[in-house]
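K.L.:
Please see the structure below; I have some questions.
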């Protein structure tokens with residue numbers, strides 16, 4: 066079920082809804098209701114405040130309590146009070162989290178009226194719209210009995226329509242990315258991913274191009290071809306262009322699109338293979354972001370590039386010891402076929418470097434090493450340009466998507482020296498995420514600002530909480546959108 070979000074001019078007292086959402090801040094005296102919340106409390110003759118006090122509600126960020134109105138004003142039968150933490154520390158991220166928590170708590174309500182945006186920090190309406198969409202997300206496409214979740218509409222009471230629309234665009238882009246990540250690999254092959262990308266392009270009026278095996282061979286994309294050789298499903302290389310009439314900048318987004326990663330001949334064990342349908346999460350983030358650009362209309366030409374393939378151990382699979390000649394001519398020595406993502410990204414980076422772009426950002430579930438370094442709730446950010454890195458950090462902070470800048474130590478690159486090719490594609494045991502980024506940097510054109518987002522830890526979650534569902538998270542989608550909008 067798609068959640069409809071719209072703006073209503075009804076007052077919170079009179080709004081025709083099944084539940085009304087108000088916010089509250091933490092204070093030493095107890096929960097401090099927002100202005101709209103105090104209005105509701107007055108209409109309830111103080112019963113709302115007394116209920117919060119009696120139940121020990123602290124208004125911590127993400128905390129929600131449901132209070133029945135008992136047929137008194139307001140018109141809604143239930144008031145949901147969402148904790149926003151300390152008012153002095155109010156951020157859009159806490160509003161987003163509160164909205165998501167409400168979406169999870171109010172699955173029984175068909176129509177919800179929200180005042181969470183009222184009196185909050187700048188951007189609260191957009192953040193709340195994102196939060197409701199993210200918290201309400203469920204992937205039930207293949208369930209014969211999806212389960213009960215009645216929430217179908219959220220009314221933003223007296224909110225700025227354009228701000229709500231921006232939040233809907235960001236939230237919908239993320240849910241699209243999640244849908245792609247959660248699809249079974251039998252149904253989302255490289256060919257199908259390419260078809261989905263072309264659908265997004267067609268529905269938004271973008272130009273698109275897809276390279277099949279023959280075209281990949283003709284144009285020299287041997288990295289993509291080599292990884293795809295072991296699969297019955299041939300690889301694809303996908304390009305989409307969002308190009309406004311008078312762009313002020315031109316950027317490239319690259320998303321790793323390994324639709325299933327068995328490890329190839331360097332085969333993973335069964336346990337580590339279970340989640341490898343999510344190895345195309347970078348591609349999903351890029352496609353999710355592209356789906357929102359028509360509505361947001363940034364004055365930036367965005368070139369989206371997705372190398373799409375499976376990594377399987379077929380009879381013609383790439384072997385440890387093989388040498389690949391990538392797009393652009395650089396050769397790499399393959400030593401472990403389970404480090405396949407960098408091989409296909411190398412082709413895409415070389416191609417992007419020829420497109421006259423001002424910056425390149427790639428997104429990939431690239432290394433398990435980044436999870437060792439940063440855990441499962443923080444993306445690794447690598448960049449050859451301080452300004453670009455700061456732009457991405459600002460964008461991710463705005464969207465509540467945590468990242469941490471990692472180093473690109475030049476002397477580490479000696480581990481990638483090869484006796485038989487220009488570069489080895491893996492190094493030693495330690496610093497694996499840094500070595501992978503250094504390998505990618507080899508294929509970035511001279512003087513082109515580039516950043517690499519390693520989302521191996523953040524692309525999926527084993528548990529659901531607030532904005533984050535179990536399964537695909539859509540990580541980096543909103544960061545990409547905020548970064549692009551910052552370049553208008």
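Residue numbers (my numbering): 66 to 553.
Even glycine gets a Cβ: it sits at the ideal position worked out from N, Cα and C.
In this text the structure is predicted, and so the values were computed from the model without any measurement.
#1: Can you tell me whether DSSP reads residue 470 as helix, strand or coil?
#2: Check the C-beta distance from residue 375 over to residue 325 and give it rounded, since I have them as a contact under 8 Å.
#3: Assign residue 383 to one of two classes, buried (16 or more other C-beta atoms within 10 Å of its C-beta) or exposed (fewer than that).
#4: Assuming the contact rule is C-beta atoms closer than 8 Å, residue 189 and residue 160 should be a hit. Round their C-beta distance to whole Å, please.
#5: If you run the structure through DSSP and keep just helix, strand and coil, what is residue 255?
#6: Cutting at 8 Å between CB atoms, please list the residues of its own chain near residue 191, excluding the five before and the five after it.
#7: Look up residue 510 in the DSSP assignment and say whether it is helix, strand or coil.
#8: Taking just the CA atoms, how far does residue 254 sit from residue 297?
#9: So what does DSSP say about residue 344, is it helix, strand or coil?
#10: Can you look up residue 325 in the DSSP assignment and give me helix, strand or coil?
#11: The alpha helix (DSSP H) with residue 294 in it runs from where to where?
#12: Taking residue 134 and residue 124 to be in contact with their CB atoms under 8 Å, please state how far apart those CB atoms are, rounded to whole angstroms.
#13: State the start and end residues of the unbroken beta strand (DSSP E) segment that holds residue 415.
#14: Along the chain, where does the beta strand (DSSP E) containing residue 125 start, and where does it finish?
#15: Indicate whether residue 524 and residue 346 have their beta-carbon atoms separated by less than 8 Å.
#16: Is it right to say residue 336 is buried, meaning 16 or more other beta carbons lie within 10 angstroms of its own, or is it exposed?
#17: What is the rounded straight-line gap between the Cα of residue 108 and the Cα of residue 154?
#18: Out of 95, 222, 432 and 439, state which residue places its alpha-carbon closest to the alpha-carbon of residue 101.
#19: Taking 8 Å as the cut-off, does the region 456 to 469 touch the region 352 to 364 (at least 3 CB pairs, one atom from each stretch)?
#20: Identify whether residue 332 lies in helix, strand or coil by the three-state DSSP scheme.
#21: Identify which residue in 114, 350, 224 and 214 has its Cα closest to the Cα of residue 94.
#22: Residue ranges of each alpha helix (DSSP H) run of no fewer than 4 residues wholly in the region 445 to 509, ordered along the chain?
#23: Using only CA atoms, which one of 540, 440 and 290 lies nearest to residue 554?
#24: Based on Cα-Cα distance, which residue from 530, 519 and 218 lies nearest to residue 542?
#25: DSSP puts residue 536 in a beta bridge; with which residues?
#26: Hey, would you say residue 329 sits closer than 8 Å to residue 402, going by beta carbons?
#27: Which runs of the beta strand (DSSP E) fall wholly inside the region 169 to 206 and span at least 3 residues, in chain order?
#28: Please state the DSSP three-state secondary structure of residue 110.
#29: Could you check how far apart the C-beta atoms of residue 312 and residue 365 are, in whole angstroms? I think they sit under 8 Å.
#30: Given residue 258, which residues of its chain have a CB within under 8 Å of its CB, disregarding the five upstream and five downstream residues?
#31: Residue 276: buried (16+ other C-beta within 10 angstroms of its C-beta) or exposed?
#32: Taking the alpha carbon of residue 479 as the reference point, which residue from 452, 492 and 82 has its own alpha carbon closest?
#33: Which of the three DSSP states is assigned to residue 547 in this structure?
#34: Please tell me whether residue 176 and residue 131 are closer than 8 Å, where the distance is taken between their beta carbons.
#35: For residue 218, list the residues DSSP reports as bridge partners.
#36: Kindly indicate which residue of 497, 504 and 170 has the alpha-carbon position closest to the one of residue 490.
P.N.:
Based on what the coordinates show:
#1: strand
#2: 5 Å
#3: buried
#4: 5 Å
#5: helix
#6: 157, 228, 229, 231, 232 and 235
#7: coil
#8: Whole-angstrom Cα-Cα distance: 10 Å.
#9: helix
#10: strand
#11: Annotation for residue 294: no alpha helix (DSSP H) segment contains it, and DSSP assigns it neither H nor E.
#12: Residue 134 to residue 124, Cβ: 19 Å. No contact.
#13: First-last for residue 415: 406 to 417, but that is the alpha helix (DSSP H), not the beta strand (DSSP E).
#14: That residue, residue 125, is in no beta strand (DSSP E); it is neither H nor E in DSSP.
#15: yes
#16: exposed
#17: Approximately 29 Å between the Cα atoms of the pair.
#18: 222
#19: no
#20: In the three-state DSSP reduction, residue 332 falls in the coil class, being neither helix nor strand.
#21: 114
#22: 451 to 463 and 497 to 506
#23: Because residue 554 is not part of the residues shown, which for the chain are 66 to 553, the question remains open.
#24: 519
#25: 526
#26: It is a contact, given that the beta carbons lie within the stated cut-off.
#27: 176 to 179
#28: coil
#29: 6 Å
#30: 245, 301, 303, 322, 324, 345, 348, 371 and 373
#31: buried
#32: 492
#33: helix
#34: no
#35: 69 and 176
#36: That would be 504, whose Cα lies nearest to the Cα of residue 490.
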